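Down below is the structure, laid out as structure tokens.
Residue numbers (the numbering used here): 5 to 351.
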């Protein structure tokens, strides 16, 4: 028998088993596996030399090498199981959760009160069959005033302290003072019937105080169809008031004036603080003013190409910020724009 290596299968096994037993980590054992059983291992070199042996010697030596490989693989598997178990136990000890440790509380955030109110309003009106429309916050004078029956020089324009980006013509650019321009855009975009609400931000040159901010939020509604009456407007406002505030809440109309509606009215709702019984907040009347409304003025229909002899409609609008203040008992609108998270955490 001719030796193919200076090391016999038995010596290869003895050496490998000693090194396997000495391995202390699974990573070290993986490296050892490659070294003693890989393509460049002493065992592989011995197998490659079998071709040089006589047939009988080749068979005997091959069996011995296969037996050596099997013993080494068995030892590696057993040791790997031991090391993996030991490492798992050590990891469990290191990562054990200390139930006595005090963990600081993390507060979950929530939507701003105005956003919550806007979402709720949209849901209520969509449930009543309305669509939701939006428009640009930077508008032209025509959309913000002229198309809404505010011709140049109209005294009612003085009620709207306007931020002009440029001034002097119908195409002058300004920051919209109400969401009514979206009504014009909705009517321009399609034919009646129209049942739509328009929420959004508005801008006026107001000095911030307890009831005014230069940036505020409104929602307006527009209905255009055949045979629409003031009674439909009153019924719609009643239905909205009950859907938003709950059963027992009603609305009422009081005569007023707006250039874009005729007749025009202010609408009040049952006081949310005393539920109509009368309190200091509502001046003992049982009612709180919410917004304005009225039948769409014929001149507004003419501005968008509608025939006022065929179509009629109503519009209404109110401040979302004011609604939030009423609902949550906030007496200073500036709190809604406060960066102090302690204000928002109250709600």
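Ideal Cβ positions, reconstructed from N, Cα and C, are used throughout, including at glycine. Treat the numbers as computed from the prediction; the structure is a model and nothing was measured.
For residue i, three-class secondary structure by DSSP
i, result
"residue 5", "Its pLDDT being 39, under 50, residue 5 is placed unreliably in this model, and the value from its coordinates should be taken loosely. Residue 5 falls in the coil class under three-state DSSP."
"residue 198", "strand"
"residue 179", "strand"
"residue 129", "helix"
"residue 12", "coil"
"residue 24", "helix"
"residue 149", "coil"
"residue 107", "coil"
"residue 305", "helix"
"residue 18", "helix"
"residue 29", "coil"
"residue 135", "strand"
"residue 85", "helix"
"residue 187", "helix"
"residue 332", "helix"
"residue 349", "coil"
"residue 43", "coil"
"residue 311", "coil"
"residue 59", "helix"
"residue 113", "coil"
"residue 252", "coil"
"residue 339", "helix"
"residue 100", "coil"
"residue 92", "helix"
"residue 158", "coil"
Opening and closing residue of the beta strand (DSSP E) in which residue i lies
i, result
"residue 256", "255–262"
"residue 293", "291–300"
"residue 265", "265–274"
Beta bridge counterpart(s) of residue i as assigned by DSSP
i, result
"residue 216", "213"
"residue 222", "204 and 323"
"residue 356", "Because residue 356 is not part of the residues shown, which for the chain are 5 to 351, the question remains open."
"residue 143", "178"
"residue 168", "178"
Whole-number beta carbon distance between residue j and residue i, since they are thought to touch under 8 Å
i, j, result
"residue 2", "residue 83", "Here the chain has residues from 5 to 351 only, and residue 2 is not among them."
"residue 319", "residue 297", "7 Å"
"residue 54", "residue 42", "Contact flag wrong, Cβ pair sits at about 18 Å."
"residue 292", "residue 273", "6 Å"
"residue 209", "residue 167", "6 Å"
Terminal residues of the alpha helix (DSSP H) in which residue i lies
i, result
"residue 281", "Neither: residue 281 is in no alpha helix (DSSP H) and is coded neither H nor E."
"residue 237", "234–249"
"residue 153", "From DSSP, residue 153 is part of no alpha helix (DSSP H); its letter is neither H nor E."
Evaluate contact between the segment 262–269 and the segment 340–350, counting only Cβ atoms and requiring at least three cross-stretch pairs below 8 Å. no
Touching by the beta-carbon criterion (3+ pairs, under 8 Å), the segment 207–223 and the segment 177–191: yes
Cβ contact (3+ pairs, closer than 8 Å) linking the segment 98–105 and the segment 318–334: no
I'd like to know if the segment 249–260 and the segment 302–318 are in contact, where contact means that at least 3 CB-CB pairs between them fall below 8 Å. no
Is the segment 133–147 in contact with the segment 107–118, if contact means three or more CB pairs nearer than 8 Å? no
Segment contact, 8 Å Cβ cut-off, at least three pairs: the segment 223–242 with the segment 192–206: yes
Can at least three beta-carbon pairs, one atom from the segment 84–93 and one from the segment 20–34, be found at a separation below 8 Å? yes
At a cut of 8 Å, does the segment 123–138 reach the segment 158–172 through at least three beta carbon pairs? no
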